[in-house]
Every structure is written in C-alpha cells, then in structure tokens.
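J.:
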DNA sequence: AGTTAAACCTGGTTGC
DNA sequence: TGCAACCAGGTTTAAC
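Numbering (this note's numbering), first residue to last: 103 to 375.
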C-alpha cells in the first residue's frame, strides 16, 4: 500500500488540476473503513481548494459548503483523475465528479477511507490525525528530538518506525530499507539507539523517502499515480521482499522475520544491534 | 500506561 | 486441477 511517497506522488498529481474545480456529483460504492459522514449529495456545488498531505492522509479542502474530505489509501488504494469516467468497476468505491474530471478511488481491500469533516482542526479529521508524529522533512525534526522520542520507546526500532510516533511516512517497505541504509538491526530496542545512530537513521529515513518520491514511489501490485503510471522504487529495494537472496552490499542471505505481525527484511551482517 | 494481538477486506501466490 | 494456507504499501480497537 501507499506509504508517504506514494501519497505525495498522488497529491502532486491532483493539486493543480483540481484546484478550483467544482463538484458536480459524488458517488459511493461499497463501504470503506469508515463512513463518509455526510450524504454524497451534500458535496455538490463545492469548490476544491489546495490539497495537502499529512502523513499518509490527504486533505481535500472544499468551500461552499465549507469543509473537506480526509482521504486515506489503506493498503491497496489509489486515486485516478479521469477525463472521461467509465462505469465504476467492482473496486471503485468513491467518485467525486467535477468540472475538471472525476476523482476516483479504487481500493480492492477497502482499508482506505474518505471522511467528511467541517475542518482539518476538528473531529473527525483532527481525531484521525491526532496521534501522528512529525513530518519527515519538517526542519523542526532534528537528530536531537528524534533521538529523544526514540529514547522513550522500549519496543524494537522497526515497530517504532511503523507506528509513526517518532516520524511519519515510513511504512513496511521504507522502514526496512531505511534500517538497512543505516546499518541498524530491526530488533534493536529503540531506546538503545545511540545519538549518532539515531541521527544516521533519521537521515536514512529521509533519504529513502526522498529517493522513492523521485522515482514515483513503489508499485508492488495496486499503486499507480493519478494518470495510471507505476512507480519504480521496487526495482531498487535492497532488502524488502528479497528474503533468501544475497545482500547487495555483502552477499549474506537476506532474512525475513515477523515483527508486530509484519514482515521485516534485513541483512544480518550489515545490520547490527 | 505501555505493549501486543485481533480486526477490518479481497485477491494473488504457494504448497500439499 | 482443487483447495487450503499464507501473504500483501495500514490503522484502529480491544485485550493483556
């Protein structure tokens, strides 16, 4: 599913075309993870503002009626902007028809969400965003503050990265890749990371996310950008999905373990406790 | 309070 | 070939 780079790729594809678009109609398919929270017809007539991203969420502001839609792509979601929208398929669960095209959410597993909120700063949107940690490229996130937040956690560093409390945006692929880049064993307790290693990990998370953004994200099976194009990062993953294959750096066989019910891939030689 | 399982869904792949 | 088991870019909720 979409991690931060994929969501940001999506945002960049939508922002300019949809800015100022007028909502003509909306259609709901099968239920998503949570209900829209308003009748689809209530969106008609609204004007779309500047789409912003927070973590893996997108906020699509609307005016007249004022409010907005908080979108999440879950594990298997993608958004397309269609000039001519055909009949919705079995996994097309939300259409926002505008005078600039139809924004269509396709999500086979339906872990995604489209939620109406009167503003980003009140429920339900604010509630959903409340537990998110700092944005990875926020200059206020320094090696010192990152190290301090890791110091408060006794769980494995991989699980802490996935939780998004210390930094948002890295999901299962990029958490594995960043730990490899930083040479850190995924099972190392977060509070055992030294300051220099925390600094190295922060740089690795930023570098991994930035690189993925540059190449359009990762496409394992579902994800495409708003024009239907796949990402390319999967071709350069060093450890993710490579269990049993040789480490690209040292040749040791990449291992797969399970942490917090998720697969973790790592090189036991390059990544040390 | 802090950590860990279970839950939500569908579909593709693997293995007997 | 058939079918069961397992796996998948995430997050919330319930339970130790």
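Think of the CB as a built atom: it goes at the ideal place given N, C-alpha and C, for glycine as much as any other residue.
From a predicted model like this one, the values you see are computed outputs, not experimental measurements.
(1) Pairing CB atoms from the segment 202-214 with CB atoms from the segment 174-184, are three or more of them under 8 Å?
(2) Which two residues bound the contiguous alpha helix (DSSP H) that contains residue 316?
(3) If I'm right that residue 281 touches residue 259 with Cβ under 8 Å, what's the distance once you round it to whole angstroms?
(4) Can you look up residue 293 in the DSSP assignment and give me helix, strand or coil?
(5) Please name the residue or residues paired with residue 209 in a DSSP beta bridge.
(6) Just mark residue 112 as buried or exposed, buried being the case when its beta carbon has 16 or more other beta carbons within 10 Å.
(7) What residues in its chain sit with their C-beta under 7 Å from that of residue 376, if we drop five residues either side in the sequence?
(8) Which residues in the same chain have their Cβ closer than 7 Å to the Cβ of residue 172, if we skip the five residues on either side of it in sequence?
(9) Looking at the unbroken beta strand (DSSP E) that takes in residue 366, where does it start and where does it end?
(10) Between the beta-carbon of residue 135 and the beta-carbon of residue 191, is there less than 8 Å?
(11) How would you call residue 348, buried or exposed, if buried means at least 16 neighbouring beta carbons within 10 angstroms?
(12) Where does residue 265 fall in DSSP's three states?
T.: So, to answer that:
(1) yes
(2) 297-316
(3) 7 Å
(4) helix
(5) Partner(s): none; residue 209 has no beta bridge.
(6) buried
(7) Here the chain comprises residues numbered 103 to 375, so residue 376 is not present and cannot be evaluated.
(8) 159, 161, 217, 219, 227, 230
(9) 364-368
(10) no
(11) exposed
(12) helix
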